[in-house]
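Okay, structure first, notes after.
Numbering (the working numbering), first residue to last: 130 to 349.
So this is what it looks like as structure tokens:
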């Protein structure tokens, strides 16, 4: 029996790699598909792909197909990129920023993200990239974790303002957060309050248990 078939009965780990940034990265056959995980959470192609697919569905697949440029902060195995290109049929330019070189190596080896024609992956810190880029984007997907930990800069005013500056009018931010305790709930509530009436903010709680999604549209 092949590993793919056997994985419908029991997960089959095929690769494990130490990472200075994410501590431990694994590639596993699960229910007939390859997934990438860190020690405590799914990074690509499992629950994370379902979470971000829901967020993209909230924005609207037809709307996304008409966008020209998308920025993905936090690529891991690239499942959201595959959703954009294979499921939604997005033909514009996708730029992915991933800090962990080990994650990029696994994404190329097992998920062939370097074969996607309209996708460019850049190894960089999300904060640093956002400071440097001169481009404007119709959709910015923020999915930045180190295992289950979200860096503080994601919720700070300077970063929020910079992301808003990079967004085109009528463009969207899709922000995936993890809510594990009351402090995280308060953090997300504070984040929501930082947007003025020029932005339409929607929050979707309890997506796959511990995730909370934001969609933010720039109105003017």
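Where a beta carbon is used, it is the ideal one built from N, C-alpha and C, also for glycine. Note that the coordinates shown come from a computational prediction; the quantities given were computed from them, not determined experimentally.
A Cβ-Cβ contact shorter than 8 Å links residue 230 with residue 252. Under the three-state reduction of DSSP output, residue 315 falls in the helix class.
The beta carbon of residue 267 is closer than 7 Å to those of 196, 197, 198, 199, 297 and 300 in its chain, skipping five residues each way along the sequence.
Beta-bridge partners assigned by DSSP to residue 304: 271 and 343. Counting along the chain, the unbroken beta strand (DSSP E) around residue 335 starts and ends at 328-336. For residue 225, the secondary structure class from DSSP, reduced to helix, strand or coil, is strand. Annotation: the continuous beta strand (DSSP E) that includes residue 201 extends over 198-202. Residues of the same chain with a CB within less than 6 Å of the CB of residue 202, apart from the 5 flanking positions on each side, are 226, 255, 271 and 273 in chain order. Comparing alpha carbon positions, the residue from 262, 205 and 321 closest to residue 304 is 321. In its chain, beyond the 5 residues on either side, 307, 308 and 309 have a beta carbon closer than 7 Å to the beta carbon of residue 339. The shortest CA-to-CA distance from residue 215 to any of 291, 242, 331 and 315 is the one to 242. Here residue 348 is not near residue 333, since their CB atoms are 8 Å or more apart. Exclusion of the five residues before and after residue 346 leaves 301 and 329 as the residues of its chain whose Cβ lies within less than 6 Å of its Cβ.
Just so you know, the alpha carbons of residue 204 and residue 263 end up roughly 20 Å apart. Its chain contains 200, 259, 262, 264, 265, 266 and 269 as the residues whose beta carbon lies nearer than 8 Å to that of residue 295, once the 5 sequence neighbours on both sides are disregarded; these appear in chain order.
The shortest CA-to-CA distance from residue 185 to any of 237, 210, 164 and 222 is the one to 210. In the three-state DSSP reduction, residue 166 falls in the strand class (E or B). In the displayed model, residue 282 falls within a helix according to three-state DSSP.
For residue 241, there is no enclosing alpha helix (DSSP H), since its DSSP letter is neither H nor E. Excluding five sequence positions before and after residue 222, the CB atoms of its chain that fall closer than 6 Å to its own CB belong to 198 and 247, given in chain order.
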